[in-house]
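Student: Our numbering puts the first residue of the sequence shown at 449, with every later residue one more than the last.
Built from N, CA and C at the ideal position, the CB exists for glycine as well.
Supplied in structure tokens, the structure appears directly below.
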Amino acid sequence: MPSSFKQLVLAATVGVPTDDDGARVIDVIRRPRLLTRELLAGLVVGLALIPEAISFSIVAGVSPSVGLYSSVTMAIVISIVGSRRAMISAATGAIALVVAPVARQHGIDYLVATVLLAGIIQIVLGAVGFAKLMRFIPRSVMVGFVNALAILIFIAQLPHLIGVPALVFPLVALGVAIIVFFPRISTAVPAPLVAIVVVSTIVFVGGLAVPTVGNEGTIPSGLPGLVVPHVPLTLATLGIIGPYALAAALVGLAESLMTAKLVDEITESGSSKTREGIGQGIAQVVTGLFGGMGGCGMIGQTMINVRESGARSRLSTFSAGVFLLILIVAMHEFVSAIPMAALVAVMIMVCVGTFDWHSIRPATLRRMPLGETVVMVITVVVVVATNNLSIGVVVGVIVAMVVFARRVARFATVTRVSRDETHAVYRVEGELFFATSNDLAHHFDYAGDPDRIRIDLSGSHIWDASTVAALDAITTRYSRRNKSVEIEGMNDASTRFHDRLSGQLSSSDA
């Protein structure tokens with residue numbers, strides 16, 4: 449095998465080389481069935497990307513070619529530099545909504561400059577560990593994120609099902625039936641691809657007048673070229689593009705990392721979120737250099753790739769970008785004639801497969817703590833209402849924090865274990881932070897206790913300054929009555945924290 453071809457397969461299959469990359473390449477080469485599955489999955493995704501990329505271009509206020517070429521470059525580059533194998537990155541609605549004002553008010557050059565700056569910001573954020581924040585997203589928010597995404601994908605299909613010829617509905621139903629039942633016959637070919645081919649053939653042979661991909665916008669027929677944005681390198685320019693670039697970087701990273709985490713769970717495999725964040729930035733920069741509108745991880749197309757088509761390697765992502773480019777350049781007339789009903793059927797099944805039906809079963813809701821369910825529902829409502837996954841996740845995390853703080857606050861207890869004429873001993877148990885320590889001072893009998901008080905903290909831990917301030921307030925109240933307080937039993941970390949801050953805070957002892 450020529451070394452250049454082997455290097456191409458290596459890059460597309462495993463990305464930036466690591467110690468076990470050679471074994472993975474050999475595994476793909478030696479297993480034609482696996483290679484076929486990955487390539488066909490990429491073809492399905494490439495087809496499904498076309499109408500969405502065109503739609504997102506319209507949202508951003510740019511030519512359809514901008515969105516299509518953005519999807520090509522994002523998919524190819526992220527397949528090499530990213531970490532999450534089989535995840536699809538391309539032009540997305542979230543990024544389109546963020547950068548639309550720039551294109552509308554300042555033109556395409558400022559849009560490209562915004563995308564380039566967003567990519568640089570993503571590289572920096574990835575390098576400094578932004579991805580580690582993913583650890584703080586609870587499961588209830590993830591479930592809400594997934595369910596909301598399924599709802600948004602379905603809502604996005606409604607324009608293709610409302611005010612259309614009656615023939616569209618049986619075609620969509622046929623496509624759905626093929627996707628559901630064909631895997632029982634064979635799994636050698638992805639069911640979504642079979643559905644697209646069968647529905648398209650029926651439309652072509654029967655000469656049926658139904659909406660097609662071409663109705664969504666004109667598909668370009670040429671190759672993309674390098675673009676240098678003609679914008680002045682001034683602070684004024686930075687003031688224009690900076691806020692949009694930062695927003696695009698944050699939204700893109702959030703959606704990409706959430707998608708990567710979801711794929712981790714589906715495939716039961718891990719990925720480096722730091723590398724994925726940096727990779728997203730690199731892909732964003734390359735996309736900008738080719739005049740693209742930017743993009744990020746696409747959970748809908750990723751679900752087609754991973755769940756519906758069974759793809760597991762980078763080759764599927766790489767081939768999706770390559771097939772999309774081939775479809776644009778060499779087969780644009782054929783692609784334009786594909787009925788939208790076929791693609792809508794695929795996306796409807798993506799919705800069904802993406803939605804976590806277990807999360808809304810009555811048995812699950814009865815077992816699940818009310819707070820967890822509330823967090824999930826709020827996440828779904830905010831995402832659907834704002835049409836923005838990132839806003840919904842942020843709100844969901846905040847609500848989850850409040851629910852957690854209220855729950856943990858109940859676990860801190862203060863008990864007076866003994867009292868005689870000279871001593872009173874209190875035992876404090878539980879985690880002490882702002883939610884649990886605010887009422888700490890109200891559990892002591894300042895007037896009735898004897899002159900010497902011991903507070904045993906051996907069963908607790910001090911986490912923040914609020915707790916230190918609360919202990920200072922308790923000591924101050926006893927001191928006003930000429931009574932001494934001895935705090936004992938603190939672990940080493942709590943002792944260091946308490947000694948550093950005690951007496952330095954403005955305590956509330958009312």
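For the beta strand (DSSP E) containing Y874, name the first residue and the last one.
Tutor: It spans H871 to L880 - the beta strand (DSSP E) in which Y874 sits, taken as one unbroken run.
Student: Who does G745 pair with in a DSSP beta bridge?
Tutor: According to DSSP, G745 bridges with S537.
Student: For D961, which residues in the same chain have their Cβ closer than 7 Å to its Cβ, ignoring the five residues on either side in sequence?
Tutor: What is shown of the chain runs 449 to 958, which leaves residue 961 out entirely.
Student: Quick one: residues in its chain with C-beta nearer than 7 Å to the C-beta of V856, no 5 flanking neighbours on either side, listed in chain order?
Tutor: Here the set comprises E879, A883 and T884.
Student: If contacts are defined as beta-carbon pairs under 8 Å, then A889 and A918 qualify, I think. What distance do you get, rounded to the angstrom?
Tutor: With 8 Å as the limit, A889 and A918 qualify as a contact, their Cβ atoms being about 6 Å apart.
Student: Can the beta-carbon of L619 be found closer than 8 Å to that of V658?
Tutor: Yes, these two residues count as a Cβ contact at 8 Å.
Student: If you draw a straight line from the alpha carbon of G592 to that of R900, how long is it in whole angstroms?
Tutor: Cα-Cα distance, rounded: 53 Å.
Student: Please identify the residue among I910, R929 and D920 whose C-alpha is closest to the C-alpha of D893.
Tutor: Comparing Cα-Cα distances from D893 to each of I910, R929 and D920, the minimum goes to R929.
Student: I'd like to know if the stretch 760-777 and the stretch 517-535 are in contact, where contact means that at least 3 CB-CB pairs between them fall below 8 Å.
Tutor: The stretch 760-777, when compared against the stretch 517-535, does touch it at the 8 Å Cβ threshold.
Student: Is R533 near the ligand ATP, in the sense that its beta carbon is under 7 Å from a heavy atom of that ligand?
Tutor: In the structure shown, the ligand ATP is absent, as is every other ligand, since no ligand is present at all.
Student: Sort out for me which residues DSSP pairs P787 with in a bridge.
Tutor: Looking at the DSSP assignment, P787 forms a beta bridge with T660.
Student: List the whole-angstrom C-beta distance separating G662 from A785, where the pair is believed to meet the contact cut-off of C-beta under 8 Å.
Tutor: That belief holds up - the Cβ atoms of G662 and A785 are roughly 7 Å apart, short of 8 Å.
Student: Taking the beta strand (DSSP E) that S866 falls in, what are its first and last residues?
Tutor: Counting along the chain, the beta strand (DSSP E) containing S866 begins and ends at T861 to R867.
Student: Please state whether DSSP places D804 in a helix, a strand or coil.
Tutor: DSSP places D804 in coil when its eight states are reduced to three.
Student: Assess contact between the stretch 567-582 and the stretch 772-788, defined as three or more Cβ pairs (one per stretch) separated by less than 8 Å. Is contact present?
Tutor: The stretch 567-582 is not in contact with the stretch 772-788.
Student: Going by Cα to Cα distance, which pick from A596, A643, T562 and V825 is closest to A621?
Tutor: The residue with the shortest Cα to Cα distance from A621 is A643.
Student: With C-beta atoms as the reference, is S757 less than 8 Å away from P631?
Tutor: For S757 and P631, no; Cβs fall outside 8 Å.
Student: Can you tell me the Cβ-Cβ gap for F584 and V845, rounded? I've got them flagged as a contact below 8 Å.
Tutor: Between V845 and F584 the Cβ distance is about 7 Å, and since that is below 8 Å, they are a contact.
Student: Just to check my reading of the structure: P898 and A921 have Cβ atoms closer than 8 Å, yes? What is that Cβ distance to the nearest angstrom?
Tutor: That pair is no contact at about 20 Å.
Student: How many whole angstroms separate the CB atoms of L791 and P499, which I take to be in contact at a CB cut-off of 8 Å?
Tutor: 6 Å between Cβ atoms; contact.
Student: Find the nearest neighbour of S513 within the set I730, I601, E820 and V777, judged by alpha-carbon distance.
Tutor: The option with the nearest alpha carbon to S513 is V777.
Student: For V525 and S537, what's the separation of their Cα atoms in angstroms?
Tutor: Each residue's alpha carbon lies about 9 Å from the other.
Student: With burial defined as no fewer than 16 other Cβ atoms inside 10 Å of the residue's Cβ, what is the status of E716: buried or exposed?
Tutor: E716 should be labelled exposed.
Student: With DSSP run on the structure shown, which of helix, strand or coil describes R948?
Tutor: Looking at R948 - three-state DSSP - the assignment turns out to be helix.
Student: Can you check which of these residues, G623, G700 and G748, is closest to L573 by C-alpha distance?
Tutor: When only C-alpha atoms are compared, the closest one is G700.
Student: Are the CB atoms of A693 and A566 within a distance shorter than 8 Å?
Tutor: Closer than 8 Å, so yes.
Student: Given G665, which residues of its chain have a CB within under 6 Å of its CB, disregarding the five upstream and five downstream residues?
Tutor: If we look at G665 and ignore the five residues flanking it on each side, its Cβ neighbours are I502 and P512.
Student: Give me the Cα-Cα distance between G470 and V647, rounded to the nearest whole angstrom.
Tutor: With a pLDDT of only 48 at G470, under 50, the local geometry of the prediction cannot be trusted, and the value read off the model is given with reservation. If you take the alpha carbons of G470 and V647, they lie about 40 Å apart.
Student: Give me the Cα-Cα distance between E781 and G509, rounded to the nearest whole angstrom.
Tutor: Using only the alpha carbons, I get a separation of about 24 Å.
Student: Using the Cα positions of D904 and G541, report the straight-line distance between them to the nearest angstrom.
Tutor: Distance between the alpha carbons of D904 and G541 is about 56 Å.
Student: What's the call for Q605, buried or exposed, on a 16-neighbour Cβ count within 10 Å?
Tutor: When all chains shown are included, Q605 counts as buried.
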